[in-house]
Amino acid sequence: MSAQELVLRQRTEILHALCSSGSAEHLDQVLDILLSQGELVPEDYQNIQVPGQALYTKTRRLLDLVHAKGVDTCVLFYAALKQVLPEGRAAGFSFPGFCSNREEEVGHPSTSTRTLLTQRPSLVSNLQGCVEDALHALVTSGHFTSADCNDVRLPIYTPSQQARRLLDHVRSKGELAAKVVLQYVQQKQGSGSSLNQENWSPPKVVLKYQKKLSSSVSAQSCFLSTYGGTSHMSLDDIYTEGQLELAHNCDDVHGPLCLEDVVGAVGTVNKEADTVLVSGDAGGGKSTLLQMLHLLWARGTILGEFLLLFPFSCRRLNSERQELSVKELLFEHCCWPDREQEEIFQFILDHPHLILFTFDGLDELKQGFSDEHRLCRPTQRAPVQILLFNLIQGSLMKGVRKVVTSRPEAVGPALRKHLRKEVLLQGFTPSGIECFVRKHHHDPAVASKVLESLRTKNALLGLCHSPVLCWIVSHCHKELLGCGEGSLQTITDVYLMILQHFFQHRSSPKSTTGTSWLQEHLDTVLHLGQLAFEGIGTSCFIFSAADLETCGVTEKDICMGFLVQSKDMSPTHSKCFEFLHLMMQCFFAALYVVSSNNADRSIISNLFEPQNMRGTGLGSTSCFGVCSSATEKPEQALKWEAATAETPNLKITATFVSGLLSQRHRSLWLHCCPGAVTEKRVRQVVRCLSKGMHKHFKSIPQPVEGDKKSMHAMPGFVWLIKCIYEMQDSRVAKDAMSKLVVDHLKLTYCNIGPVECTALAYVLQHLRNPVGLQLDNNSVGDVGVEQLLPCMHNCRSLYLRNNNITDEGIRKLLATGIRCDSFQKIALFNNKLTDACIQHFSHLLKSRQDFLSLRLGNNNITEEGAKQLAEGLKSNRSLKYLGLWGNKIGDAGAVALASALESSTSLVWLSLVGNGVGNAGAGALANIIRNSTSLEELWLTENCITTKGVECLVQALKENTRMKSVWLINNDLTLEEVEELTQRESRLIF
Ligand code: ADP
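Be aware that the sequence shown starts at 33, since it is given in the numbering used here, and climbs by one per residue.
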């Protein structure tokens, strides 16, 4: 097939590859190359780059033009694509294998304006980062006016786009202007970046500063902060690797990421952006991961390419009242240079690629990310949030790499478009949990006992996937070992356990007769609860002595250990406090809601329906100087409230409230507030949950005739499910599910991990009829799969594409699935399956003569797996769909499958796309066509079949009128062969 035809055929894939990241950089680079080769002339370029046009429109124009220009241009276009696209994205479609036979063009007079075109790609890359200097040269030589400069500098352009605009402008100014730019670039190359010189070393004063900075970073990070800080644990001793994954698919990344990959080039989607986002749930280990990164940098173990690392905590930056410049931010908030501040700062400005900034907890900033206020000068002062947003989006300190952590809910599209990549931190794997517990307990016998106990408590094991819960469970191992199965089910249970643990270990053991532990410490709970509650309402996480006093927090309350002294940033250096962890603050806020007699009556509905909150209850009761000082403008306070209403903290607090009001814990409140009040609160929560669910169900559209009724979960659905789970009241779960009448429940991209799976299974087991459960693109993993087992009987089909599931998860899933009569379909595209799990599918197929669909695409199944699967298929009479796209079964695997399916009377659809199948496989598959009475579609795209193999398929098709199509795109056939075969058999699709 010619390159010209391929451009047409692969149009969608090319569009996707060039545009899906949202950045125009790839398209721009392709245009640069084609311009430099003379395949496009400047007029073509202008016709494509129409200002204001969408990226897709521009790319479509390019494709039309390239196609219209003929085969040679198409070949060069493909070569440019290959050069520009990251390997993963380029792999999505095949490139024509032939090369251009165009001769280098000769005979053109070599003018400077022409050189601007022929060397455009390298000029763009050389000019990036020094556009200002080049502009200066052009202004000085009289070729550019300040209006020209402003046109180039427009902040909407990325640095490479600025470089391109500069070149375009220069060309229009003529030969002399072009000469100036070329001379400038030559000079720059001649002087060479000092960093390229092998024995370059930074100035002494910078090295001295680096030493000071790294020893301060090391001191700050060598002990685990937050929860673990309670026992001064060294980070080295306890750090356990969490699961790190790219948020987007990347074909060239296999296996988990390591710490270094967070900052490294792996998985970059936007090379122009500087900011890497690490996202994960509260307590998922984001701060700890950053801390480890800091420590390893300070020791010189990793990130050696960065000379200076500046760590920031957004929580602490919140307390910064003054406007700051970048210089003040770096030096005053991180490390003060003892001398030569100017020189050091200039070094930082001149060498952005040697600098790394980290910002922990972006979600804790009081103001959501916005890129409205642009700052361009590093000396300009601005409120700290604005400064931070400008750093993140790159209008300040472009080229400095930044790592930001946040909970995923707090990251909106405004921030996403400035991301270099996103990395998801997804808690511990099962072996991670074991490793953590063993590190936590020096006595191996105790560790083994804890692990044994966890194995018997399935729901708890699911919770331990979250590092913070794993820590609590390990920390409270005595309580854990003393309790029976079923007593620790929910996150609330685990937090109540640590509450009790702290109270019992920190207070003097006076024997109070007859009083419950909570009653004994009710004052502390109420004081800390009010502090936490007020803080949640106003996004306040650091409390001054005055705040503590307002809520009646005493020295004795502080001694209990839930509050720790925070590393104070305030100019007065007065003592400040924060909760051990944000989750602990939310838990205390919930304790306050449930146990206080003073709590506003509307609190519960405000908490569960934050959109109704403005002006009442939560948020408006703030009494903290730190959060909303008397000087604060009312509009600002209102803005904060509005932002807070959306924050996940309220949701976590509401989840704890549901748990604390569950029947199992109601006796705790007997002595705190009248039973009638508690009952009323319970009814309120149940009503809110039911109302919330109802709202979701009302949004389900009526199905189009013939279609199934399906519901796509909206944000908040999973949270409601979690609240219901925390209540542990099957009546509430039953009631919620009684109103859900759908055939298909879609929860794709909903951030579902093991903890969410536990809650989902608890609720979905009460569905009235089995459904199709679609959980594609989450992080279910093997632990999550195990949590889902209780609702398997209600899953007609289970879609778990892209979920990090391994053979072990499948073993457990199928052991239960095989016994669930309704379970008939499974889709496991893009997981981590190997031949080792195929025996379980084979067993399933042998035992279940009503199983309909098995899709195992993009895993690691080889010829061996295919042979095992064939064993199961031989004795199965029901399977209709079998998908093995993107595995490695080869000819031998195809032959084995074909012999098992030869006379199938049920199989309708078979896909062996991209499996290295050749003529031998095709020949065997022809037998299915010949004999099967049911097969309608056979997919053999992206294999290595030649005419010989296709001939077998053609002959077989002559004997089969039922078959609708055989797909053979991208096999080893010439254009002529394709034409000839298409004429002979129209059901072959090439
Ligand atoms: P986040 O920043 O996501 O809210 P943290 O990093 O504060 O979570 O983690 C909370 C607690 O969980 C830590 O104090 C520590 O006890 C435990 N933890 C988190 N990640 C790890 C890890 N990688 N290794 C060991 N313990 C961890």
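We treat Cβ as the ideally placed atom computed from N, Cα and C, and that holds for glycine. Note that the structure is a prediction, hence the values are computed from the model and not measured.
- In this structure, the straight-line span from the alpha carbon of LYS510 to that of ASP525 is close to 15 Å.
- Taking every protein chain shown into account, the CB of ASP370 has fewer than 16 other CB atoms within 10 angstroms, so this residue is exposed.
- Under the three-state reduction of DSSP output, MET995 falls in the coil class, being neither helix nor strand.
- Within the chosen limit of 6 Å, ligand 1 does not reach the beta carbon of TRP329 with any heavy atom.
- Between the C-alpha atoms of CYS502 and PHE535 there is a straight-line separation of about 20 Å.
- Distance from the CA of GLY841 to the CA of ARG331, rounded to the nearest whole angstrom, comes to 38 Å.
- Three or more beta-carbon pairs separated by less than 8 Å link the stretch 715-728 to the stretch 759-771, which places the two stretches in contact.
- In this chain, TRP368 is not harboured by any beta strand (DSSP E), its DSSP state being neither H nor E.
- For the alpha helix (DSSP H) assignment, the uninterrupted runs of no fewer than 4 residues enclosed by the stretch 383-440 are, from N- to C-terminal side, 416-425.
- For SER485, the distance from the CB to the nearest heavy atom of ligand 1 is not below 6 Å.
- Comparing alpha-carbon positions, the option among SER910, GLY918, ALA952 lying closest to ALA930 turns out to be ALA952.
- GLU818 and ASP392 have their C-alpha atoms some 32 Å from each other.
- Contact annotation: GLY317 and GLY274 have beta-carbon atoms nearer than 7 Å.
- Short of 8 Å from the beta carbon of ILE636, and not among the five residues preceding or following it, lie these beta carbons of its own chain, in chain order: VAL625, VAL689, ARG713, GLN716, VAL717, CYS720.
- One alpha carbon belongs to GLN695, the other to LEU278, and they sit about 41 Å apart.
- Of the residues LEU957, GLN78, ILE858, the one whose Cα lies closest to the Cα of LEU830 is ILE858.
- Within the DSSP bridge table, the entry for HIS509 names no partner.
- In terms of side-chain proximity, the C-beta atom of THR320 is found nearer than 6 Å to a non-hydrogen atom of ligand 1.
- GLY849 has its CB no nearer than 6 Å to any heavy atom of ligand 1.
- Short of 7 Å from the beta carbon of GLU441, and not among the five residues preceding or following it, lie these beta carbons of its own chain, in chain order: PRO680.
- Within its own chain, the residues whose Cβ lies closer than 8 Å to the Cβ of GLU364, once the five positions on either side in sequence are excluded, are LEU356, listed in chain order.
- Here GLU934 is near ILE960, since their CB atoms are less than 7 Å apart.
- By the 16-neighbour rule on beta-carbons within 10 angstroms, HIS405 is exposed.
- Per the Cβ contact rule, the stretch 703-711 is not in contact with the stretch 579-597 (fewer than 3 Cβ pairs under 8 Å).
- With respect to the 7 Å criterion, THR685 and CYS618 are classified as neighbours on the basis of their beta carbons.
- Pairing ASN809 with ASN783 gives a Cβ-Cβ distance that is not under 7 Å.
- Separation of VAL171 and ARG197 (C-alpha to C-alpha, rounded to the nearest whole angstrom) is 15 Å.
- Relative to ligand 1, ILE270 has its C-beta within less than 6 Å of a heavy atom.
- The DSSP-derived three-state label of PRO343 is strand.
- Contact annotation: PHE342 and PHE377 have beta-carbon atoms that are not nearer than 7 Å.
- For ligand 1, no non-hydrogen atom lies closer than 6 Å to the CB of VAL310.
- LEU97 and THR89 have their C-alpha atoms some 12 Å from each other.
- For GLN458, the number of other beta carbons within 10 angstroms of its own is at least 16, and it is reported as buried.
- By the Cβ neighbour-count rule, CYS290 is exposed, with fewer than 16 other Cβ atoms within 10 Å of its own.
- Residue state for GLU983 is assigned as helix, using DSSP reduced to three classes.
- In this structure, VAL526 has its CB at a distance of at least 6 Å from all heavy atoms of ligand 1.
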